[in-house]
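Its first residue numbered 0, the sequence shown is counted upward by one per residue in numbering that gives the first Met the number 0. Encoded as structure tokens, the structure appears first; notes follow it.
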Amino acid sequence: MTIFGCTWVAVHPNIPNAEEKWFTTALRRLQLMVMALIAPEIVILWAMRQWMAARSLAKKHKSMFVCNCG
């Protein structure tokens with residue numbers, strides 16, 4: 000039972016749509032939890048894909064922001 004609880008808390012899905020029902024959100028989170036239990040490497044690939052997309056967007060829109068990064 001502990002492994003299910005830890006996996007449920009560890010999975011952080013995207014923010015749901017405002018019109019999305021709570022049941023749909025819970026079902027999607029349950030699917031992610033089962034996927035994390037069966038094949039955790041898929042969750043790592045999912046996170047890498049999101050990171051790469053965010054990095055690409057950041058590079059694309061870099062000129063719009065001021066950064067005082069060293």
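By construction, the Cβ of each residue, glycine as well, lies at the ideal position given by its N, Cα and C atoms.
Local Cβ density within 10 Å of residue i, reported as buried at 16 or more and exposed below that
i, result
"ALA35", "buried"
Euclidean distance between Cα positions of residue i and residue j
i, j, result
"MET0", "GLU19", "29 Å"
"ALA57", "GLN49", "12 Å"
"ILE51", "VAL42", "Looking at the sequence itself, residue 51 is Met, so the reference to Ile does not match. Distance between the alpha carbons of MET51 and VAL42: 14 Å."
"ARG54", "HIS60", "10 Å"
"ALA9", "ALA17", "23 Å"
"LEU29", "LEU44", "18 Å"
"ALA25", "ILE2", "18 Å"
"GLY4", "PHE22", "19 Å"
Beta-carbon separation (whole angstroms), residue i vs residue j, contact threshold 8 Å
i, j, result
"ARG27", "PRO12", "6 Å"
"THR6", "MET47", "THR6 to MET47, Cβ: 19 Å. No contact."
Local conformation of residue i per DSSP, three classes
i, result
"PRO15", "coil"
"LYS59", "helix"
"PHE64", "coil"
"VAL10", "coil"
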